[in-house]
Each structure stands twice: as C-alpha cells, then as structure tokens.
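For reference, the structure is listed below as structure tokens.
Protein chains: 2
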Amino acid sequence: MAAFQTLNRDELLKIKDELEKEYEKIKGLGIKLDMSRGKPGKDQLDLSMGMVDALASDHSFVGEQGIDCRNYGVLDGIVEAKRLLSEMIECPIDNIIIYGNSSLNVMYDTVARSMTHGVMGSTPWCKLDKVKFLCPVPGYDRHFAITEFFGIEMINIPMNEDGPDMNMVEKLVSEDDSIKGIWCIPKYGNPTGITYSDAVVKRFARLKPAAKDFRIYWDNAYTIHHLYDEEDKQDHLIEILAECEKAGNPDMVFKFCSTSKVTFPGSGIAAISASKANLEFIKKQLTVQTIGHDKLNQLRHYRFFGNFDGMKEHMKKHAALLRPKFAAVLTTLDRELKDADIASWTNPVGGYFISLNVHNGCAKDVVQMCKDAGLVLTNAGATYPYGKDPYDSNIRIAPSFPTPEELKDAAHVLCVCVKLATVNKMLTGEK
Amino acid sequence: MAAFQTLNRDELLKIKDELEKEYEKIKGLGIKLDMSRGKPGKDQLDLSMGMVDALASDHSFVGEQGIDCRNYGVLDGIVEAKRLLSEMIECPIDNIIIYGNSSLNVMYDTVARSMTHGVMGSTPWCKLDKVKFLCPVPGYDRHFAITEFFGIEMINIPMNEDGPDMNMVEKLVSEDDSIKGIWCIPKYGNPTGITYSDAVVKRFARLKPAAKDFRIYWDNAYTIHHLYDEEDKQDHLIEILAECEKAGNPDMVFKFCSTSKVTFPGSGIAAISASKANLEFIKKQLTVQTIGHDKLNQLRHYRFFGNFDGMKEHMKKHAALLRPKFAAVLTTLDRELKDADIASWTNPVGGYFISLNVHNGCAKDVVQMCKDAGLVLTNAGATYPYGKDPYDSNIRIAPSFPTPEELKDAAHVLCVCVKLATVNKMLTGEK
Chain F
1 MAAFQTLNRD ELLKIKDELE KEYEKIKGLG IKLDMSRGKP GKDQLDLSMG
51 MVDALASDHS FVGEQGIDCR NYGVLDGIVE AKRLLSEMIE CPIDNIIIYG
101 NSSLNVMYDT VARSMTHGVM GSTPWCKLDK VKFLCPVPGY DRHFAITEFF
151 GIEMINIPMN EDGPDMNMVE KLVSEDDSIK GIWCIPKYGN PTGITYSDAV
201 VKRFARLKPA AKDFRIYWDN AYTIHHLYDE EDKQDHLIEI LAECEKAGNP
251 DMVFKFCSTS KVTFPGSGIA AISASKANLE FIKKQLTVQT IGHDKLNQLR
301 HYRFFGNFDG MKEHMKKHAA LLRPKFAAVL TTLDRELKDA DIASWTNPVG
351 GYFISLNVHN GCAKDVVQMC KDAGLVLTNA GATYPYGKDP YDSNIRIAPS
401 FPTPEELKDA AHVLCVCVKL ATVNKMLTGE K
Chain G
432 MAAFQTLNRD ELLKIKDELE KEYEKIKGLG IKLDMSRGKP GKDQLDLSMG
482 MVDALASDHS FVGEQGIDCR NYGVLDGIVE AKRLLSEMIE CPIDNIIIYG
532 NSSLNVMYDT VARSMTHGVM GSTPWCKLDK VKFLCPVPGY DRHFAITEFF
582 GIEMINIPMN EDGPDMNMVE KLVSEDDSIK GIWCIPKYGN PTGITYSDAV
632 VKRFARLKPA AKDFRIYWDN AYTIHHLYDE EDKQDHLIEI LAECEKAGNP
682 DMVFKFCSTS KVTFPGSGIA AISASKANLE FIKKQLTVQT IGHDKLNQLR
732 HYRFFGNFDG MKEHMKKHAA LLRPKFAAVL TTLDRELKDA DIASWTNPVG
782 GYFISLNVHN GCAKDVVQMC KDAGLVLTNA GATYPYGKDP YDSNIRIAPS
832 FPTPEELKDA AHVLCVCVKL ATVNKMLTGE K
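Residue numbers (this note's numbering), protein chains in the order written: chain F, 1 to 431; chain G, 432 to 862.
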C-alpha cells in the first residue's frame, strides 16, 4: 500500500471501498475486546498467587520491630514495607510513608490537603483566586481528573522525545506564582512510554518556581516495569529527590509509587517519598486521617518478595508476559499502517501503553468506529486535560489485558479503523 | 472506708498518708500497662486467624458478580461485602459504599470533601466564614481532631443517660446555619458506653436544621459489639436512616462502620451508609479519588464469615473475652472507690470503654500519677474538643488490651491514684 498522501481521489475512493467491506466483515465477527485501561492480564495476576499464601494462620504476624501487624498502630508503615518500597522508588528509608492500596489516592490526598492546608505552611489553595498545574501532554487522564475536580486550571505542556518541553516549563514556573505543580510520569510514561532524559530531570531539579509551594508531582508508577531483562534495553531515570537536594531544592518534589502493577491492582501498597520536611507536614494530617494503613498487606508483600531482588525477579515474569502483547500490537501496526504513512506510534521498552497519533481530526472517529466493531479503546481526548485533545489525534493503546491472540485481532480492527477514518477525512477535506 | 466528704481534716491526712505509702509501693513494682486506647487484646486477634486463610492460592478469587477481585475495578465494593456490612449497619444494600481499612478515614474524607466541595451542591465550607460542629461530651478524641484540623468550631453538648441533650441540639441546629454537623457514637458510645434511646433517635431524625448541608455524623462503630449474648442484656438502637426518611429528612445522616474491632484493626473494611442522593454525590468524588478499594480484603471478610450470622457468632467470642476484662475493672472500682463516694463510672453492656468521672479538677492529676506508676491512660481532657475538659473530671478507661489479671493490677493503681488525687484536692481546697 502506498502512502495515502500520494494517492489521488479515485485511488482513495477505491481504498475506502475495500476498507468499508473489511470493516463490515469485522463488525460481523462479534468481537468483544477491551484495550481501554492499563489492566494486567489474568496471567499476570496468577504470578502473585503466592502472595495470598504469604500470610497464613500458622505464620507469625509480628514484624521485625516486634509489632503485631494485626493490631492498631504504626502510622507511616512497617519497616519491612518501607525498605521494600524505598528501594523500589530509590529513596532513603526515612524519606517514605507507606499508604493504602492506591497511589492515585495518595496523589488525590496530596492535592486535597494543599487545597485546605497549603504546602508546608503556605496559604491553603482554596483561599487563592487561581491555582494552576502544568500538564505534559499526552498524559494520564486520572491525574487530570484530580486537578479538574479541585477547579485547578490545567496548562498543556508539549512532550518531546526526552520529556516535557522544559523551556516552557522553566518559563511558566518562574513567572507565575499561581502555578503550584506539574504532573509527571517520568519513566515509561502513560501513554507515551517515554522516559525523561538526564538533562530533563536535572532541569526539573533546578527549577526556580515563583511559588514556594510549587511541587513536582513525580508519579513513578512504572519505575521497575521494564519490558526487557537486558539492562541495555531498559531506560534509566535519574533519581530526582537527591537531584533536587543537590540543586538546593530539597522540598520541591513528591514521588509516588505503588505495587498495583507488581502484585494485585487494588490490593497493593502505595507510598509517597519526599524530603523529611514535607513528610513531617504530611504526617500532621495523616495522624488525624487514620490510625494506620493495612499492615497485614504490607507484611504480606514483604514476606512474598523477601527483598527488592525478589521483586525485580518477579517483574521479569511480568515482562515475559507483556512482551508478546506489545509485540502483537506493534507488529500489526507496522505491517498495516507503516506504508500508508498516516500515523505514528511509540515503541516503548517499559510501562503499559503505546501512544498512537493518527491524522489530525481522526482520533474520535477511530475510537468510535472501533467501539462499533466491538473494540473498546480509551476515549479519544482522555490523554489531555478536560478530555480535549486540540488535534483530535492521540489514542492510547493498552495492550496488557487481552491475550496476544486477541491483540492481533484487536490491532487489526484498530488499523482498519485508522485507515478508514483517515481516508474519510482526506476525502472530506478535498470537498 | 467512709465517704471522703464526711471526713475531717485529720482523718483525710491519715488516709493521705496511707495512700502515699501504697502509691510508693506501687511505683516500686515497675508496672508497665496501657489502658489508653480501644485496642483489642491478642486473644481477640487470634479469633480472626481463620480470615487470613480464607483466601489461599487454591481458592477462586472470582466473586459472585463474576469479577476477578485481584484486578482493578468496582468503585463502591463487591456485592458480598456490601451485603455483609449493610446487614451489620442495618441499611438496604443500595445505601452503602465499601471503603478501605478505616472508617476514621471515611469520616475525615467526608469532612474534607465538604470543605472543598460542599454537601450535595452546597457552598464549599472553605468559602464560609464560620463552620461549627456539635460535639456531645465526653466523646471520641479522633472525631474532635478531624473537625479541629479543618478549623471547624466545636460546641460541647452535654450527654444525658439516654444520649445528647436534645433540647440544646434542636435549639442550636435550628437557629444557626453555620452548624453543619454533629458527631455521634449512638451505640455503646466512646467513652460513655451509652446507647441513644428511641426518643433521642426520633428527635435526631426530626431535627429542622437551618443549614441544608447539616448532617448527623453517625459513627456506628460498636453496632454489634455487645458484651452479653442474651438479648435482654443488649442495647437496641433504632435505625436512623429509615427514621430520617420517615421524618422527611432522608439526606440528613451519614452512617459509618467498620470491621476494625470485628476482625483485625487496621486490616478491616469500612463503609459509609446514606441516602442514594448523598451516595451519588460522594461517588463523583470517589471516582476521582481511587480506582477502587481492596477487593481481596472484602472477599476475605465475606469468605471468613459466610454471612451476617457468622459475624454475629464471631462477636460472641469477642464478648466472651471482653466480659472478664470489663468485670476486672468494674469490680475493682466498686470495691475500692464506691464507699469513698468520690467518683462515678459507667457500667456498659457493649463497646470498648468505661467512662470514669472523678472529683472536679482531679482528672489530670490522676492520669499523671498513673503514668508515673507505669499505667498509661488516655490523656485527661482527650474526651473533650480541643483536649479541654472544663471540669477536669473525665477519664476514659480502655480495658480491652491488657489481660484480666493485669487489669486487676491496673484498676488498683487507678483507684489508689483517684483517691490520693482527691484527698490532695480536698486538703488543698480547705486551705
């Protein structure tokens, strides 16, 4: 197939005719597939079944600090869990608080606290006329939902291949003291799969924000979620907490992580990592908010993994299951879309997503057509604040949940829809 | 021993001398006991060991709705957990949302949401000049900590034997639209052990608050926490959600509960129950806040209990362990303090606490003297907003954690300190 842009109207009409037939055929197959969310597959969940046995009634529930993990107590997490997650998120053990089952909830809570109590003594944001967040795009819809829920104005920041446009970030942050944060997924980002370069992280650490309560919201969701075991095929991210300290900005970052995509989504453990000054401020709230998080689940995680090496070995098993899934989609995209030259996509070495950019103005049509054919994708626009992709171009592909076989079918459906929507757009554009 | 009030100065001095000797003897024993918090004893925790085995790797993790509880999904709880907790809290299954491990956290969250987003469309409380809560006293320090954290002004409401002073509640609530809530522990209250009478609950349901966003914060923490199995020795509380609906106030109450003192504190499941209109409003937040709570722990609870009857049977085992603990304290109080006529205390048939009222101005001294002798009690004042007991009289006794043997010692220490502090006060008062 030739590049669509080189074709004349008749050639396009012919292709449209073929694609429509293929699309009708697909619709008749009664496909029912979901690539909308970064949901681990059943095979991945099976990897962690040992965790449910890691605590049994004939085991001790007393942790190494002598604490009976079945009872009340321990606000910021048992030392076993702190050690495990601080290694995972690459911070000193004193710079972490272990939370409940959801890092999203920790991020929500962090913004909610800032609204009512400010950040380390700053004016509560609810008392300010305007609060803004920078949002590298495309990004994670659930981040944007949090800031939207609190009426925080979101400003799009374009993503380059090595991270957000730092010229824009530096300029905005230094000029506008109503900018209080930036959402980042610095490694194997959602949806781009991009990892921030050393230069980008160093520029982050050296920001000179006008607002003292500006924080980098560093959602390290995919920190150990490599697709390949070989180190030269893995991305490396500089640790920002230490980098901020070096740069004289020790308090400027909140790091978040969880085991949601390590053990069981919804039954993992989450954490925040930050400077001690930040954590002290957070604990003033935490002690009012709860008596403590689920220590049995913390102990269960520790007993299952033993140590961080155990966790890394476990992640290799995830990678082995995810690689063929990513491959199934990427191979199909290559085969069916490359020559037509109507779309571009990322080829990540970690994380949970492939980011697909189609012809401007076509993303919504593609997603709708896929849906009509039985394939559910993330809503078009979801990767942008307010659900508004200004180019109507970006589609997030989440290949983790279906089987590789299903993914081949799904990717074919997607490719047919991309081509058909593009041809339609090109033909309409010519009118 | 005669009533202290009938004694003259010389007689009091003699008693003081004896008590001081006894107190010095006690201090020499090196006692180390904690009656400060409502913490279940180790024997109680052992009752739930079957729960950790209720999910094992050879079990199915698919719930009756066909949901794999290991994966993401289900915002408001699996149906098994909803059924269990809705029976526990006596509400229809459609009037409940299952949360994470802590009802305190749900209450915090409920107030926090009202601060930033109001209640069912009302003005966010952070935009108001003044927000007030009514606080029946003595009450639960962690309730008061939440409202204090958000700068909400707290007004003491005296507790009668059948519940809060409803004349005062009705008057204040109907006159002042800055009063947005009242903290209630309606059954086996903390610390009084009192259960609200039918008449009190009916008056609650029929309140005519000036503020549309006024809610009753009904913390039903001890709803099935009887000390006796015989029904005629149990308190009965009218269900307030239905009562509010009957009275034309369907949206006026938030009910909270958890299994913290049913299974494992910190590893239980919690819930809010309210009208559908309230729950719809809450879900708009919840969907931003989290992808879902720990469904495996929800399933674990369901599988362990089977149904609500299983839970009630389980509570009888708790009661059997708690009864001798309460008895150990109450017997000692009776024997050592009754004749002196210097204190009064509650004799609850459920819950976790005994409320002790000593001579005005003596509570702080008693708690300090106990502490110096190795017995930790809840801080004096803790049962009042801002930690300020205007009479310096109330002491909360939490007899659940130590063994009955230890409790006998602890109660003796307490009685000696009460008597000594009282004699000291009486002698000083005479000067």
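We put the CB at the ideal spot given by N, CA and C, even for glycine.
Treat the numbers as computed from the prediction; the structure is a model and nothing was measured.
Distance between residue j and residue i (C-alpha atoms, nearest Å)
i: R646(G); j: A701(G); result: 19 Å
i: M482(G); j: R731(G); result: 6 Å
i: T690(G); j: A380(F); result: 41 Å
i: R734(G); j: N728(G); result: 10 Å
i: M88(F); j: F305(F); result: 12 Å
i: E430(F); j: K364(F); result: Low confidence applies to E430(F): its pLDDT is 49, below 50, so where it sits in the model is not reliable, and the reading given next is rough at best. So the alpha carbons of these two residues sit roughly 20 Å apart.
i: G570(G); j: L808(G); result: 16 Å
i: P404(F); j: L207(F); result: 43 Å
i: C415(F); j: C370(F); result: 9 Å
i: C257(F); j: S103(F); result: 6 Å
i: A2(F); j: I26(F); result: 23 Å
i: M442(F); j: I395(F); result: Given that chain F is displayed from residue 1 to residue 431, the structure contains no residue 442(F) and the question cannot be resolved.
i: Y72(F); j: P595(G); result: 29 Å
i: P821(G); j: G792(G); result: 9 Å
i: M857(G); j: I773(G); result: 11 Å
i: A841(G); j: P622(G); result: 18 Å
i: F281(F); j: M120(F); result: 6 Å
i: L476(G); j: P755(G); result: 17 Å
i: V600(G); j: L565(G); result: 8 Å
i: A211(F); j: V253(F); result: 13 Å
i: L838(G); j: M746(G); result: 22 Å
Identity of the residue in the options nearest residue i by Cα
i: N651(G); options: Q496(G), R827(G) and S517(G); result: S517(G)
i: Y539(G); options: I529(G), F580(G), R514(G) and G552(G); result: F580(G)
i: D644(G); options: S605(G), L808(G), P779(G) and C500(G); result: S605(G)
i: I671(G); options: N526(G), Q496(G) and H843(G); result: N526(G)
i: E231(F); options: A411(F), G350(F) and C370(F); result: G350(F)
i: K592(G); options: A774(G), G552(G) and P567(G); result: Here residue 592(G) turns out to be Glu, not Lys, going by the sequence shown. The shortest C-alpha separation from E592(G) is found at P567(G).
i: S275(F); options: T263(F), Q289(F), G292(F) and A242(F); result: A242(F)
i: V79(F); options: L45(F), I93(F), H226(F) and D43(F); result: I93(F)
i: L321(F); options: S400(F), G292(F), I354(F) and Q368(F); result: S400(F)
i: Q665(G); options: S698(G), N778(G), P821(G) and W649(G); result: N778(G)
i: S553(G); options: S609(G), L506(G) and G582(G); result: S609(G)
i: P833(G); options: I613(G), L787(G), V760(G) and E521(G); result: V760(G)
i: L603(G); options: A636(G), G624(G) and P640(G); result: P640(G)
i: T6(F); options: N167(F), I185(F), N424(F) and A340(F); result: A340(F)
i: T814(G); options: D484(G), F435(G) and N587(G); result: N587(G)
Residues that residue i bridges to, as DSSP identifies them
i: M585(G); result: F564(G)
i: W556(G); result: None, per the DSSP bridge assignment.
i: C615(G); result: W649(G)
i: D34(F); result: V376(F)
i: G781(G); result: H657(G)
i: A774(G); result: V789(G)
Chain A contact for residue i (CB, 7 Å cutoff)
i: L104(F); result: Looking at the structure shown, chain A is missing, and the protein chains on hand are F and G.
Original post:
Mind pulling the beta strand (DSSP E) runs of 3 or more residues that sit fully within the stretch 809-844 of chain G?
Top reply: Listed in chain order, the beta strand (DSSP E) elements of length 3 or more contained wholly in the stretch 809-844 of chain G are 825-828.
Original post:
What are the start and end residues of each continuous beta strand (DSSP E) run of 3 or more residues lying completely inside the stretch 248-296 of chain F, in chain order?
Top reply: DSSP runs (the beta strand (DSSP E)) wholly in the stretch 248-296 of chain F: 253-258 and 270-273.
**OP:** Tell me the start and end of each unbroken alpha helix (DSSP H) in the stretch 58-126 of chain F that is at least 4 residues and wholly inside, in chain order.
**Re:** Taking only runs of at least 4 residues, the alpha helix (DSSP H) segments lying wholly in the stretch 58-126 of chain F are 79-89 and 103-117.
Original post:
Can you list, in chain order, the stretches of the alpha helix (DSSP H) that have 4 or more residues and sit fully within the stretch 589-613 of chain G?
Top reply: Taking only runs of at least 4 residues, the alpha helix (DSSP H) segments lying wholly in the stretch 589-613 of chain G are 597-606.
Subject >> Positions along the stretch 290-308 of chain F whose CB lies within less than 8 Å of some CB in chain G >> reply: Contact annotation: in the stretch 290-308 of chain F, residues whose CB is within less than 8 Å of a CB in chain G are T290, I291, G292, H293, D294, K295, L296 and N297.
**OP:** Could you run through the stretch 43-56 of chain F and flag, in chain order, every residue whose CB is less than 7 Å away from some CB of chain G?
**Re:** Of all residues in the stretch 43-56 of chain F, only L45, M49, G50, V52, D53, L55 and A56 place a beta-carbon less than 7 Å from a beta-carbon of chain G.
Original post:
Looking at chain F, which residues of the stretch 691-703 of chain G have a Cβ within less than 7 Å of any of its Cβ atoms?
Top reply: Residues passing the 7 Å Cβ filter: F695, P696, G697 and S698.
**OP:** For the stretch 610-628 of chain G, enumerate the residues whose C-beta is nearer than 8 Å to any C-beta of chain F, in chain order.
**Re:** The residues in question: there are none.
Original post:
Taking a cut of 8 Å between CB atoms, which residues from the stretch 440-468 of chain G lie near chain F?
Top reply: Legend: CB atoms of the stretch 440-468 of chain G lying less than 8 Å from CB atoms of chain F belong to residues R468.
**OP:** Identify each residue in the stretch 72-98 of chain F for which the Cβ-Cβ distance to at least one residue of chain G is less than 9 Å, and report them in chain order.
**Re:** Taking a C-beta cut-off of 9 Å against chain G, the contacting residues of the stretch 72-98 of chain F are Y72, G73 and V74, listed in chain order.
**OP:** Can you give me, in chain order, the residues of the stretch 137-166 of chain F that have a beta carbon less than 7 Å from any beta carbon in chain G?
**Re:** Of all residues in the stretch 137-166 of chain F, A145, I146, F149 and F150 have a Cβ within less than 7 Å of some Cβ in chain G.
Original post:
What residues from the stretch 370-393 of chain F come within 8 Å of chain G, judged by C-beta to C-beta, listed N to C?
Top reply: Answer in chain order: no residues at all.
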